[in-house]
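First to last, the sequence lines map onto chains A and B.
Number 344 marks the last residue of the first sequence (our numbering); no jumps.
Number 344 marks the last residue of the second sequence (our numbering); no jumps.
Virtual Cβ for every residue (Gly too), placed ideally from N, Cα, C.
The structure presented is a predicted model; accordingly, all values stated were derived computationally and were not measured.
All remarks here apply to the structure that follows.
Number of protein chains: 2
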Amino acid sequence: MKPKLTLKNIAKELDVSISTVSKALRDSPEIGEETREKIKAFAKHYNYKPNNIALSLKNRKTKTIGIIIPEIVHHFFTTVISGVEKVANEMGYNVFVCLSDNSFDKEVLNMEMLANGSTDGFILSLAKETMQKGDYHHLVEAINQGMPLVLFDRVVESIACDKVIIDDVAGAKKAVQHLFDIGCRKIALISTVDYVSVGKLRTKGYKESLEENGITYNGDLVLKVEEMEDSETEIQEFLKEKDVDGVFAVNEHFAISAIKAINDQGKKVPEDVSVIGFTDGELSKRFIPSLTTVSQHGMRIGEESARLLIEKLERTPTEEDYYKTIIVETGLVIRNSTKSKK
Amino acid sequence: MKPKLTLKNIAKELDVSISTVSKALRDSPEIGEETREKIKAFAKHYNYKPNNIALSLKNRKTKTIGIIIPEIVHHFFTTVISGVEKVANEMGYNVFVCLSDNSFDKEVLNMEMLANGSTDGFILSLAKETMQKGDYHHLVEAINQGMPLVLFDRVVESIACDKVIIDDVAGAKKAVQHLFDIGCRKIALISTVDYVSVGKLRTKGYKESLEENGITYNGDLVLKVEEMEDSETEIQEFLKEKDVDGVFAVNEHFAISAIKAINDQGKKVPEDVSVIGFTDGELSKRFIPSLTTVSQHGMRIGEESARLLIEKLERTPTEEDYYKTIIVETGLVIRNSTKSKK
DNA sequence: CACTGCGACGAAAACGTTTTCGTGTTGAAA
DNA sequence: TTTCAACACGAAAACGTTTTCGTCGCAGTG
């Protein structure tokens with residue numbers, strides 16, 4: 003294994019000083035043409051690449067952004083990552099991916115690791131446990147240290163930083179409105195517990211849409227699923243004897259469990275009951291019937307987050323005072339789990 | 003924004019030298035107890051954390067491993083990532099995730115970025131384009147530079163490095179054998195093009211299993227899908243008039259397309275035709291009927307890869323001469339897309 | 001008193017860059 | 001011949017660590 007090629011090596015080999023080599027490679031006019039060409043030829047021939055770590059240390063920036071997500075085996079988060087990667091690469095940045103596994107402690111640990119110089123800033127979606135605890139001191143600390151932070155999807159209002167979210171309320175309203183438009187009048191909601199912000203917001207949209215359409219809210223038609231593991235049977239139980247004609251589920255898994263439950267009752271989707279999900283994953287596309295769903299545009303969320311972060315990183319520190327919140331619009335993708343409008 | 007706390011700052015503040023601070027924090031006996039305690043108290047109070055970049059430069063190792071995958075919105079690859087993350091974190095390593103988007107150029111670019119000091123080694127699954135081209139010079143270069151490399155899933159024999167793969171041939175044989183055992187005699191294969199190693203190997207397993215069971219191989223029953231995009235219609239066409247009683251597909255998407263095609267012909271799965279897929283993703287679990295499938299254990303693949311890499315990283319460079327290939331066994335997960343054994 | 005030894009600390013090099021500020025050599029102008 | 005740019009290059013500091021090797025003062029020994 004050859005010794006890694008450094009400026010010092012080149013300098014010794016060519017019998018010039020380190021500074022000369024550095025300047026020559028950066029095309030400084032200070033260096034005579036002859037020497038410059040000689041050095042550049044040598045460097046190209048031996049495939050010299052400056053050491054990133056040394057550069058980071060010198061420049062006090064790493065050209066790297068960190069993204070911390072609750073889980074990675076998850077369609078939505080992976081689309082966000084690809085969005086982040088895309089614009090990060092375009093702007094010459096690398097991406098550090100860390101997983102919190104929905105654990106508060108791992109989230110804190112990850113942030114500490116990344117904050118010690120490895121990263122210029124981060125993009126974060128909060129762990130479930132963190133939201134439950136309501137402990138955000140690690141975010142505040144990072145911000146105070148001067149680390150730019152962008153929160154996406156699972157955000158918390160009280161933290162002063164850039165945010166990228168979807169209009170959960172509006173998205174839910176779109177879904178419920180669509181159910182109403184195709185004739186549903188008894189619409190169930192299958193949601194997650196409230197401390198996950200999206201659960202709360204989508205529930206809000208559900209209520210508002212009912213109200214707007216003159217339907218009174220009925221708590222009996224709402225299920226808040228605690229544990230993902232038991233969701234299937236819980237939904238099965240819930241839908242029994244409810245006799246609804248529409249179901250709005252806050253993710254595709256719940257939607258599919260609902261369809262299964264409905265089928266088991268001998269009813270048909272969408273003829274007897276229409277079902278709408280949230281998040282446009284592989285399942286929604288390929289299930290039979292394919293799912294009508296509210297699409298979250300994870301890619302765009304990732305792109306916007308990265309853009310926001312990099313913008314902040316590359317701005318002079320003086321003018322950074324205000325924070326933006328970008329709302330990425332949801333779209334309603336109509337497929338076969340809902341009746342067609344008549 | 004406060005100036006970042008460094009050894010130098012602490013030294014100035016406490017009126018001692020930098021070396022004293024460094025030694026005190028690392029509990030060197032060289033430093034008097036009084037000074038030591040004072041420094042440690044100060045550091046803890048102001049939450050001093052050593053700068054990672056400086057450490058990396060000094061130690062010439064980053065405690066970071068890079069993983070380059072063809073795509074991230076993909077169940078198998080995300081499970082691998084989580085496996086890698088898990089053991090990497092346990093061993094005190096960070097993970098850099100990069101995407102090649104199945105493009106040769108992006109793969110090369112990513113490797114160059116990571117090779118310049120950002121990373122101590124990598125884990126890689128080759129881009130489709132790379133395998134098609136057969137150009138592996140970037141791998142060879144990295145290895146020559148002394149960068150440990152672990153290849154997984156989409157590997158190439160000729161490169162001398164550690165590898166983690168599944169027994170594709172055996173996995174395919176298991177699947178086909180199972181189809182035979184439940185009574186199928188006319189078994190179709192839906193595979194990818196041959197330059198993707200898994201396509202070739204699974205095809206080999208298919209042939210071998212047929213042979214072992216005394217069925218002569220019939221090329222008419224084999225479809226090699228070129229483009230993922232058109233796969234659905236291609237499979238539809240292929241299955242028309244073939245009148246098979248079993249289908250082995252090399253991934254879950256093909257399997258589902260097959261089921262749809264079969265349903266469209268008015269036949270039933272599994273009563274008339276049994277279908278087996280490969281890769282145990284969300285779709286397989288939740289589709290109706292749920293898919294019998296060959297499980298790849300992505301998590302284990304990730305874990306083994308990371309273990310292999312870190313082992314190499316932490317060994318003295320003298321004894322590194324031989325390379326391992328770890329084969330992670332596949333499992334057959336029997337669900338509802340195949341008839342039960344009689 | 002001179003010497004040794006040790007405890008407690010500091011100076012400096014090193015990791016690989018970039019950049020500022022010399023400095024020595026040339027050639028031309030005065 | 002002197003003077004002064006202009007040119008081409010080198011020395012050194014800096015980024016934040018760790019570590020080796022002093023060095024200083026003081027106590028103990030002969």
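Per-residue DSSP class, three states only, for residue i
{"i": "residue 106 (chain B)", "result": "helix"}
{"i": "residue 311 (chain B)", "result": "helix"}
{"i": "residue 227 (chain B)", "result": "strand"}
{"i": "residue 98 (chain A)", "result": "strand"}
{"i": "residue 294 (chain B)", "result": "strand"}
{"i": "residue 327 (chain B)", "result": "strand"}
{"i": "residue 84 (chain A)", "result": "helix"}
{"i": "residue 78 (chain B)", "result": "helix"}
{"i": "residue 355 (chain B)", "result": "As displayed, chain B neither begins before 3 nor continues past 344, which places residue 355 (chain B) out of reach and without an answer."}
{"i": "residue 129 (chain A)", "result": "coil"}
{"i": "residue 142 (chain B)", "result": "helix"}
Closer than 8 Å to chain B by CB, residue i
{"i": "residue 248 (chain A)", "result": "no"}
{"i": "residue 53 (chain A)", "result": "yes"}
{"i": "residue 58 (chain A)", "result": "yes"}
{"i": "residue 77 (chain A)", "result": "yes"}
{"i": "residue 36 (chain A)", "result": "no"}
{"i": "residue 290 (chain A)", "result": "yes"}
{"i": "residue 83 (chain A)", "result": "yes"}
{"i": "residue 109 (chain A)", "result": "no"}
Cα-Cα separation, residue i to residue j
{"i": "residue 176 (chain B)", "j": "residue 214 (chain B)", "result": "12 Å"}
{"i": "residue 279 (chain B)", "j": "residue 299 (chain B)", "result": "14 Å"}
{"i": "residue 167 (chain B)", "j": "residue 303 (chain B)", "result": "7 Å"}
{"i": "residue 71 (chain B)", "j": "residue 100 (chain A)", "result": "16 Å"}
{"i": "residue 111 (chain A)", "j": "residue 209 (chain B)", "result": "50 Å"}
{"i": "residue 67 (chain A)", "j": "residue 84 (chain B)", "result": "19 Å"}
{"i": "residue 97 (chain A)", "j": "residue 78 (chain B)", "result": "20 Å"}
{"i": "residue 264 (chain B)", "j": "residue 311 (chain B)", "result": "45 Å"}
{"i": "residue 114 (chain A)", "j": "residue 171 (chain A)", "result": "33 Å"}
{"i": "residue 92 (chain A)", "j": "residue 105 (chain B)", "result": "15 Å"}
{"i": "residue 28 (chain B)", "j": "residue 94 (chain B)", "result": "18 Å"}
{"i": "residue 47 (chain A)", "j": "residue 32 (chain A)", "result": "23 Å"}
{"i": "residue 69 (chain B)", "j": "residue 123 (chain B)", "result": "9 Å"}
{"i": "residue 355 (chain B)", "j": "residue 314 (chain B)", "result": "Lying outside 3 to 344, the shown extent of chain B, residue 355 (chain B) is not represented and no answer is given."}
{"i": "residue 153 (chain A)", "j": "residue 301 (chain A)", "result": "15 Å"}
{"i": "residue 24 (chain B)", "j": "residue 316 (chain B)", "result": "25 Å"}
{"i": "residue 58 (chain B)", "j": "residue 194 (chain A)", "result": "43 Å"}
{"i": "residue 292 (chain A)", "j": "residue 224 (chain A)", "result": "23 Å"}
Exposure of residue i, with buried meaning 16 or more beta-carbon neighbours within 10 Å
{"i": "residue 324 (chain B)", "result": "exposed"}
{"i": "residue 87 (chain B)", "result": "buried"}
{"i": "residue 219 (chain A)", "result": "exposed"}
{"i": "residue 309 (chain A)", "result": "buried"}
{"i": "residue 255 (chain A)", "result": "buried"}
{"i": "residue 5 (chain B)", "result": "exposed"}
{"i": "residue 204 (chain A)", "result": "buried"}
{"i": "residue 272 (chain B)", "result": "buried"}
{"i": "residue 253 (chain A)", "result": "buried"}
{"i": "residue 343 (chain B)", "result": "exposed"}
Chain A within 8 Å of residue i, Cβ atoms only
{"i": "residue 99 (chain B)", "result": "yes"}
{"i": "residue 30 (chain B)", "result": "no"}
{"i": "residue 115 (chain B)", "result": "yes"}
{"i": "residue 154 (chain B)", "result": "no"}
{"i": "residue 338 (chain B)", "result": "no"}
{"i": "residue 253 (chain B)", "result": "no"}
{"i": "residue 332 (chain B)", "result": "no"}
{"i": "residue 141 (chain B)", "result": "no"}
{"i": "residue 268 (chain B)", "result": "no"}
{"i": "residue 118 (chain B)", "result": "yes"}
{"i": "residue 258 (chain B)", "result": "yes"}
Q. Any contact of the region 325 to 340 of chain A with the region 16 to 26 of chain B, i.e. 3+ C-beta pairs under 8 Å?
A. Three or more Cβ pairs closer than 8 Å define a contact, and the region 325 to 340 of chain A falls short of that threshold against the region 16 to 26 of chain B.
Q: Give a yes or no on contact between the region 151 to 167 of chain B and the region 176 to 194 of chain B, applying the rule of three or more CB pairs nearer than 8 Å.
A: Contact between the region 151 to 167 of chain B and the region 176 to 194 of chain B is absent, with fewer than three C-beta pairs closer than 8 Å.
Q. If we count Cβ pairs, one from each stretch, closer than 8 Å, do we get three or more for the region 50 to 70 of chain A versus the region 69 to 84 of chain B?
A. The region 50 to 70 of chain A makes no contact with the region 69 to 84 of chain B: fewer than 3 CB pairs, one atom from each, lie closer than 8 Å.
Q. Are the region 109 to 122 of chain A and the region 42 to 58 of chain B touching by the rule of at least three beta carbon pairs closer than 8 Å?
A. Here the region 109 to 122 of chain A makes contact with the region 42 to 58 of chain B; the two share three or more CB pairs at distances below 8 Å.
Q) Are at least three pairs of beta-carbons, each pair with one atom in the region 22 to 42 of chain B and one in the region 284 to 294 of chain B, less than 8 Å apart? A) The region 22 to 42 of chain B is not in contact with the region 284 to 294 of chain B.
Q. Are the region 224 to 242 of chain B and the region 138 to 153 of chain B touching, with three or more C-beta to C-beta distances below 8 Å?
A. Not touching, per the Cβ criterion.
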